[in-house]
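Note that my numbering has the sequence shown beginning at 16, numbered continuously upward.
By construction, the Cβ of each residue, glycine as well, lies at the ideal position given by its N, Cα and C atoms.
Down below is the structure, laid out as structure tokens.
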Amino acid sequence: MQGYRPSARRRAITRRKEMPLWQELPLLLVVAFCLAVLIRTFLVQAFYIPSGSMEKTLLVKDRVLVNKVIYDMRDPVRGEIVVFRGTDNWAPEVTEPVSNSFAAKLGRTIGDLVGVSRPGERDFIKRVIGLPGDKVACCDAQGRITVNGVGMDEAYIADGYNSDINQPPNPTQCTSRKFAEVTIPSGEMFVMGDHRAVSQDARCQGPVPIKNVIGRAFVIVWPSSRFTSLSVPDVWKAYAADHPTAAAEGQVPVRREDPAGDAIVLPFLISAALSARSGLPYATRRRRLRS
Numbered sequence: 016m017q018g019y020r021p022s023a024r025r026r027a028i029t030r031r032k033e034m035p036l037w038q039e040l041p042l043l044l045v046v047a048f049c050l051a052v053l054i055r056t057f058l059v060q061a062f063y064i065p066s067g068s069m070e071k072t073l074l075v076k077d078r079v080l081v082n083k084v085i086y087d088m089r090d091p092v093r094g095e096i097v098v099f100r101g102t103d104n105w106a107p108e109v110t111e112p113v114s115n116s117f118a119a120k121l122g123r124t125i126g127d128l129v130g131v132s133r134p135g136e137r138d139f140i141k142r143v144i145g146l147p148g149d150k151v152a153c154c155d156a157q158g159r160i161t162v163n164g165v166g167m168d169e170a171y172i173a174d175g176y177n178s179d180i181n182q183p184p185n186p187t188q189c190t191s192r193k194f195a196e197v198t199i200p201s202g203e204m205f206v207m208g209d210h211r212a213v214s215q216d217a218r219c220q221g222p223v224p225i226k227n228v229i230g231r232a233f234v235i236v237w238p239s240s241r242f243t244s245l246s247v248p249d250v251w252k253a254y255a256a257d258h259p260t261a262a263a264e265g266q267v268p269v270r271r272e273d274p275a276g277d278a279i280v281l282p283f284l285i286s287a288a289l290s291a292r293s294g295l296p297y298a299t300r301r302r303r304l305r306s
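Have a look at this one:
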């Protein structure tokens, strides 16, 4: 048809479709990097397991995803695995040597920005055992830890991964299964590693402020052969059902009946973040962020 002139919108779409790859690729990389930084900062982050303190639940070199927003909505729950910043009393647990070359430092910096680096020396991953007001001790007649006098059957602690019950308590080394009863102060939590024979945890380094928690580990994502969710063990669910309020007077934790369901929230949060790409060209929108 003579005199036909495409609209400005149609001409803009045509120009976007004709953008060469060498121009589009840098834009995609910048968008992906910015999204990765935002997700790592506010929503979810991958953490590398550097030590054997959580074996056999978590092995060295496993990577877990950590929900960083869940504790903005509720308190930690006994039995959850959490990543937190240790106090000055906590000694670093990183066991593998770290290269100080420029390339290695640059790689760690970029990895930290997008959330795939190894944790810092003061970052730890442990299981929540006691909450404010709880009385935690070891051991009862069966060699179990007790929470407010109740013995806990921790099936996730494999044979040979528990501390020596015959070794006398040591206030500076968690080499003994035995430790005196501890009343958890307000605003703090008592955490322990699943490999009790090697884990240096609250038994000898003291409780941790809840405000130091970075987030909850909810799934193992690497290696792929070990992909599994990190749900609250049945023993802790049963304890919570029988003791719905915290031991400290007047404290009622904001708790959900199925803590493992928290991970379901994350896809919706991530989808909301990804929707920010809606203003980009179609060729850009259809690519997915990989981290």
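CA-to-CA distance, residue j to residue i, given in whole angstroms
i      : j      : result
Phe99  : Lys83  : 11 Å
Pro186 : Asp155 : 19 Å
Pro259 : Leu40  : 53 Å
Ile180 : Phe194 : 10 Å
Cys153 : Asp77  : 29 Å
Phe62  : Ile229 : 11 Å
Ser240 : Val97  : 22 Å
Ser201 : Ala106 : 23 Å
Pro9   : Val81  : Because the chain spans 16 through 306 in this model, residue 9 falls outside it and cannot be assessed.
Ala217 : Arg192 : 12 Å
Ala255 : Gln215 : 26 Å
Val162 : Val151 : 5 Å
Val165 : Thr243 : 29 Å
Asp138 : Gln157 : 33 Å
Gln182 : Ala173 : 19 Å
Pro184 : Leu146 : 22 Å
Asn104 : Val75  : 23 Å
Arg87  : Lys252 : A quick correction: the sequence has Asp, not Arg, at residue 87. Roughly 21 Å separates the two Cα atoms.
Distance between beta carbons of residue j and residue i, contact taken as under 8 Å
i      : j      : result
Val197 : Thr102 : Actually they are not in contact, since the Cβ atoms of Val197 and Thr102 sit about 15 Å apart, beyond 8 Å.
Val247 : Gly94  : 4 Å
Ile144 : Val206 : 6 Å
Val79  : Ala232 : 4 Å
Ile199 : Asp149 : 5 Å
Residue(s) in a DSSP beta bridge with residue i
i      : result
Tyr247 : In the sequence as displayed, the identity of residue 247 is Val instead of Tyr. Paired residue(s): none; Val247 is not in a bridge.
Leu80  : Ala61 and Val234
Lys150 : Thr198
Gly145 : Phe205
Val6   : This structure cannot speak to residue 6, because the chain is shown only from 16 to 306.
Val228 : Phe99
Val223 : Met204
Asp138 : Arg100
Asp179 : Ser191
CA nearest to the CA of residue i, picked from the options
i      : options                          : result
Lys226 : Arg89, Ser244 and Gln157         : Arg89
Glu70  : Gln188, Pro200, Ile85 and Gly208 : Gly208
Gln220 : Val250, Trp251, Met204 and Tyr86 : Met204
Val213 : Thr243, Lys76, Gln188 and Gly202 : Gln188
Thr190 : Leu74, Gly175, Tyr171 and Ser201 : Gly175
Val59  : Val236, Ala173 and Pro183        : Val236
Gly171 : Val75, Leu245, Val81 and Tyr254  : The sequence as given places Tyr at residue 171; Gly does not occur at that position. That would be Leu245, whose Cα lies nearest to the Cα of Tyr171.
Below-7 Å beta-carbon distance, residue i vs any chain C residue
i     : result
Gln60 : Reference to chain C is not applicable here, since this structure consists of a single protein chain.
Residue i vs residue j beta-carbon contact at 7 Å
i      : j      : result
Arg142 : Ser178 : no
Leu73  : Ile85  : no
Asp168 : Val234 : no
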